[in-house]
Amino acid sequence: MSQTDTPVSSSETLGFQAEVKQLLHLMIHSLYSNKEIFLRELVSNASDACDKLRFEAIDHPELFQGDTDLRIRVEFDKDQRTITISDNGIGMTRDEAVDHLGTIARSGTREFFSKLTGDSQKDAQLIGQFGVGFYSAFIVAKKVSVLSRRAGVAETEAVMWESEGEGDFTVAPVEKADRGTSVTLYLRDGEDEFLNGWKLREVLRHYSDHISLPIQMQKEEWDAEKAEQVKKNEWETVNQASALWTRSKSDITDEQYKEFYKHIAHDYDDPLAWTHNRVEGRSEYTQLLYIPKHAPMDLWDRDGRRGVKLYVKRVFIMDDAEQLLPNYLRFVRGVIDTADLPLNVSREILQESRDVRVIREGSSKRILSLLEDLAENQPEQYAEFWTQFGQVLKEGAGEDAANKDRIAKLLRFASTHGDSAAQTVSFADYVGRMKEGQDKIYYVSGESYAAASNSPHLEIFRKKGLEVLVLSDRVDEWMLSYLRDFEGKALTSIAKGGLDLDQLADEDEKKHQAEIAETFKPLVERLKTALGERVKEVRVTGRLVDSPACVVVDQNELSPHLMRMLQAAGQAAPEVKPILEINPEHALIGRMQDAPEADFNEWALLLLDQAMLAEGGNLADPAAFVKRLNRLLLNAGA
15 MSQTDTPVSS SETLGFQAEV KQLLHLMIHS LYSNKEIFLR ELVSNASDAC
65 DKLRFEAIDH PELFQGDTDL RIRVEFDKDQ RTITISDNGI GMTRDEAVDH
115 LGTIARSGTR EFFSKLTGDS QKDAQLIGQF GVGFYSAFIV AKKVSVLSRR
165 AGVAETEAVM WESEGEGDFT VAPVEKADRG TSVTLYLRDG EDEFLNGWKL
215 REVLRHYSDH ISLPIQMQKE EWDAEKAEQV KKNEWETVNQ ASALWTRSKS
265 DITDEQYKEF YKHIAHDYDD PLAWTHNRVE GRSEYTQLLY IPKHAPMDLW
315 DRDGRRGVKL YVKRVFIMDD AEQLLPNYLR FVRGVIDTAD LPLNVSREIL
365 QESRDVRVIR EGSSKRILSL LEDLAENQPE QYAEFWTQFG QVLKEGAGED
415 AANKDRIAKL LRFASTHGDS AAQTVSFADY VGRMKEGQDK IYYVSGESYA
465 AASNSPHLEI FRKKGLEVLV LSDRVDEWML SYLRDFEGKA LTSIAKGGLD
515 LDQLADEDEK KHQAEIAETF KPLVERLKTA LGERVKEVRV TGRLVDSPAC
565 VVVDQNELSP HLMRMLQAAG QAAPEVKPIL EINPEHALIG RMQDAPEADF
615 NEWALLLLDQ AMLAEGGNLA DPAAFVKRLN RLLLNAGA
């Protein structure tokens, strides 16, 4: 603290949010092997603070107070064993310091902590997904002091925040001569390596060279008398201080690209892939876009922050410009810098701007090209991507009509080919294995892979060796309402009526099926009478092999699976009566035919309930089903 930065009243002690305590403990123990990242994170925060000031000053230039040269400074004091990272950015008020430094106010927090395992290596990866940030200071510091004054407020309205990373922190009003924030770390024993100008410069150049602001340290010169480096009262810039995305690709190393990603995404892990391009013509913009390795905790949170960083002529505008990419690409991180928008652009202007639509379309195509390259040339990496983001990409089939065909080629599914739950089969893979005479892509859907892959509808397909895609993601049914075919091959549910397998049957099979349908007409009529209004129709089917019956719906009706999803979401769903299809060659059907009329009616109801359960449906009266089953079992044994 300088002579002009003095307390004006007593401090107040407050408790950390419970999640912060847990995160601090985990971070100190899980990330210690890569402890130098604390400097990257604190410099990144300082850079963000300067960006925010520059943005607010567009409409309120008085916030600069005559000091427009934004910068970050890093100092160390061997005697005090401290490192201080300072900026002259936006700064914080007392309430902002309490909110930002004492709580984790972001979605996905509860899910994050529920996934922790106690294994430090695995938990380190999860912490990286959550974001490291300010709290990484406690990896090397036994105490952290934050001195801050928000731009535009009086010198006496600054705040001092201090904590030893245990259960609480203190805040006190202080005087501070200038705006901005200084974070001082009081190092733990054994961290002396960071009390070295050469070491700090090395870390800064490695992790923060891409920061567009100058990162300054005091110059040092060798003092022969003291036999050590001595600091001069002169500051020098230790990074390139130019925005990474403005440089030529040939001048940027992979390591620099990765570190820039960690800076903008606050991620601990490297990105999976990235694309960097300058677009010229009617619209001019630069895009540096990344695909993360791991899905963020708030990927499915409708209120979660989305989008990429928007810059206009290298001036930071906003962190989460969600209008620059469609929602199904919300996992993408990065920067878009354009010369075609005004500096005072608002979210409303972004929503309506023609230039934004051009950027959105161009960026979408660029990401799809990147995914296509991964799928074709790096299938293992694409499989990694699909595991994390496949369900989100499926949304694109309904959201992005212009790119629907490209998205369809990128989709992956589980399949009866190999009988694995892994989603590795593309539409192209399926088409390449289609039987002679087959002109449809068959699929079955269910609430889980197990439920879908055990559907009785699959029996005839397995018998004939016909591949079926197995769909179990919640988004699948919605996606298929937009994606009706692939390269002229209709996507066909095997659980809907009117399934025409005649083209794949030989003449003897067709003749046999016709004879059975005629023979069992009386049985079908008896079942219709017994079931009455519970069913839309009863008919003989050739799709079953091992099961006595199944339920289907008409081709244009909502599937039972989709109906259940709508009901679970509290949405109104039209009533759809099932069609009962029977396998007349099954022993249970033979037993029914010989039963007295009273028992026949019971068998009919049991048959329908069993078929509904096999499809994952719920019974209107489960108790009646159990009683009926018990009664028939007892009668069978009599």
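Throughout the sequence shown, residue numbering follows our numbering, covering 15 to 652 in sequence. Every residue gets a Cβ at the ideal spot worked out from N, C-alpha and C, and that includes glycine.
Just how far apart, CA to CA, sit residue i and residue j?
i	j	result
Met-231	Val-252	7 Å
Val-482	Leu-643	33 Å
Asp-75	Phe-148	Note on residue identity: the sequence assigns Pro, not Asp, to residue 75. Those two C-alpha atoms are separated by around 28 Å.
Leu-161	Cys-64	16 Å
Gly-103	Asp-113	18 Å
Gly-376	Val-293	9 Å
Phe-475	Ser-495	23 Å
His-600	Val-439	34 Å
Gln-270	Glu-250	21 Å
Gly-502	Val-445	11 Å
Ala-612	Gly-604	16 Å
Asn-341	Leu-647	54 Å
Leu-621	His-431	30 Å
Phe-500	Pro-470	26 Å
Lys-233	Gln-36	39 Å
Arg-8	Lys-245	This structure cannot settle anything about residue 8, because the visible part of the chain is limited to 15 through 652.
Gly-116	Val-34	7 Å
Phe-534	Asp-608	13 Å
Asn-570	Gln-337	35 Å
Leu-303	Gly-348	4 Å
Arg-548	Lys-510	18 Å
Lys-423	Asn-417	10 Å
Lys-591	Leu-38	56 Å
Ser-25	Val-188	10 Å
Met-15	Lys-190	Unreliable positioning characterises Met-15 in this predicted model, as indicated by a pLDDT of 44, which lies under 50. The coordinate reading is nonetheless provided below. Approximately 9 Å between the Cα atoms of the pair.
Name the residue from the options whose alpha carbon lies nearest to the alpha carbon of residue i.
i	options	result
Phe-30	Leu-622, Val-160 and Phe-183	Phe-183
Glu-216	Glu-50, Gly-556, Glu-532 and Arg-553	Glu-50
Ile-596	Phe-639, Arg-540 and Leu-633	Arg-540
Glu-532	Glu-521, Leu-513 and Val-554	Val-554
Phe-90	Thr-506, Lys-276 and Leu-214	Leu-214
Gly-321	Arg-361, Tyr-282, Glu-248 and Ala-32	Arg-361
Leu-53	Asp-109, Gly-348 and Ser-150	Ser-150
Gln-254	Tyr-221, Ala-279 and Arg-645	Tyr-221
Leu-513	Asp-453, Leu-497 and Trp-492	Asp-453
Lys-408	Pro-393, Gln-395 and Leu-382	Leu-382
Glu-491	Phe-500, Lys-478 and Leu-505	Leu-505
Gly-546	Gly-511, Pro-610, Ala-618 and Glu-529	Ala-618
Arg-557	Leu-594, Glu-551, Glu-178 and Leu-472	Leu-472
Asp-223	Lys-272, Ser-378 and Ser-573	Lys-272
Ala-638	Gly-630, Gln-624 and Glu-629	Gln-624
Excluding the 5 residues preceding and the 5 following residue i in the sequence, name in chain order all residues of the same chain whose CB lies nearer than 7 Å to its CB.
i	result
Asp-351	Trp-259, Tyr-299, Thr-300, Tyr-325 and Arg-328
Ala-466	Val-458, Ser-459, Gly-460, Val-484, Leu-485 and Ser-486
Leu-227	Ser-61, Cys-64, Leu-84, Arg-85, Ile-86 and Ala-255
Ala-111	Val-160, Ser-162, Val-173, Trp-175 and Val-185
Ala-309	Phe-345, Gln-402 and Phe-403
So does residue i have its beta carbon nearer than 7 Å to some heavy atom of the ligand SAH?
i	result
Met-448	Among the components of this structure there are no ligands whatsoever, and the ligand SAH is therefore not found.
So if DSSP puts residue i in a beta bridge, which residue, or which two residues, is it bridged to?
i	result
Phe-671	Since the first and last residues shown for the chain are 15 and 652, residue 671 lies out of range.
Ile-97	Phe-90 and Leu-199
Cys-564	Glu-595
Ala-172	Val-188
Asp-351	Thr-300 and Tyr-325
Glu-70	None; Glu-70 has no bridge partner.
Met-626	Met-626 is not bridged to any residue.
Lys-157	Tyr-200
His-290	Leu-302
Phe-236	Before going further, note that residue 236 is Trp rather than Phe in the sequence given. Per DSSP, Gln-243.
Trp-249	Gln-232
Phe-183	Leu-28
I'd like the list of long-range same chain contacts for residue i, defined as Cβ closer than 6 Å, with 5 residues on each side in sequence excluded.
i	result
Ile-421	Gly-410 and Ala-411
Thr-107	Arg-164
So, at 8 Å on beta carbons, what are the nonlocal neighbours of residue i in its own chain, with the 5 sequence-adjacent residues on each side left out?
i	result
Arg-498	Ala-504 and Leu-505
Leu-703	Residue 703 is absent from the model: the chain starts at 15 and stops at 652.
Asp-433	Ser-467
Arg-374	Gln-337, Leu-338, Leu-339 and Pro-340
Worksheet item: Is there contact here, the stretch 84-100 with the stretch 172-189, by at least three beta-carbon pairs under 8 Å?
Response: Not touching, per the Cβ criterion.
Worksheet entry | Contact the stretch 281-301 vs the stretch 377-387: 3+ CB pairs below 8 Å | These segments touch.
Worksheet item: Would you say the stretch 199-206 touches the stretch 92-108, given that touching needs at least three Cβ pairs under 8 Å?
Response: Verdict: yes, contact present.
Worksheet item: Between the stretch 192-199 and the stretch 55-64, do three or more beta carbon pairs fall short of 8 Å?
Response: Result yes; three or more Cβ-Cβ pairs closer than 8 Å.
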